[in-house]
Amino acid sequence: MKPAVRLVCLGRMPYLDALKVQHDVATKIKIQQKKGANPENTLILVEHTPVYTVGIRIKNYGVSEEDRLKKLGADFIRSDRGGLITFHGPGQLVVYPILHLASFAHLRKSVRNYVCHLEQSVIDTCKTFGVETIRTADTGVWLKERPLKIAALGIHCARYVTTHGAAVNCNTDLEWFDHIVPCGLEGKGVTSLSQVLNRNVTIEEVKKNYVPMFEKSFNCQVR
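In structure tokens form, the structure reads like this:
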């Protein structure tokens, strides 16, 4: 029997509010795990208000850089995810799978396998729009023909329970990325499904296509 995953759609929400939801769900799963109960694996879909986030590896964003980015009208948050600096905001579908890895036999409790399957769910979703994307040595999902990132990834895993996830640019205002070096990768840009297809691709469109691809990649039932 395929593991069940509960779908939670939060709409548009500030980053810290969604982070609290993630942590609450993850804590509940850890308690269930400790008691030997079935974990309530959860897929959270959300769109954030403008925010720059930095991961646990970042060292070079001091107060002056933080203030500079805040003056643009975005929040600035230091997060416990992996990865470097990125932007989240309107027009971007953010995917937070809160999963107990042991529930998914094909992952073999491997964080590397988990990241690979998360990337694949995004790659397969882009393909439903006719957009060919790949994984590379750099994290995230990239256009096949050009070094442009269409989705960023950054995760955290503790006691085999995942938080954070992936952010897919649907019709995001890409100018927000001009003020940073996204994910610390010099000389490489970002794009969106709307830019690639030269039409407005909404979050709702992408969400509708993403859920079945997540089910396929993680061999689960989302409900």
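In UniProt numbering, the protein residues as written are 1 to 223.
Note that the Cβ used here is the ideal one computed from N, Cα and C, for glycine as well.
Ala152 and Asn41 have their C-alpha atoms spaced approximately 22 Å apart. Distance from the CA of Leu101 to the CA of Gln22, rounded to the nearest whole angstrom, comes to 16 Å. Ranked by Cα distance from Val25, the first of Pro39, Pro147, Gly82 and Arg12 is Pro39. Sorting Trp142, Lys208 and Cys170 by C-alpha distance to the C-alpha of His88 places Cys170 at the top. Excluding residues up to 5 positions away in sequence, Ser217 lie with their Cβ nearer than 7 Å to the Cβ of Gln120 in the same chain. Contact between Gly140 and Lys149 holds: CB atoms are separated by about 5 Å, below the 8 Å threshold. Boundaries of the beta strand (DSSP E) harbouring Asp75: Asp75 to Arg78, taken from the DSSP string. Contact between Leu93 and Tyr15 does not hold, since their C-beta atoms are separated by about 14 Å, which reaches or exceeds 8 Å. A Cβ-Cβ separation of about 17 Å leaves Tyr96 out of contact with Val54 under the 8 Å criterion. Bounds of the alpha helix (DSSP H) holding Ala26 are Tyr15 to Lys35. Here DSSP, grouped into helix, strand and coil, assigns Glu47 to strand. Comparing alpha carbon positions, the residue from Ser79, Val111, Tyr52 and Gly130 closest to Leu197 is Gly130.
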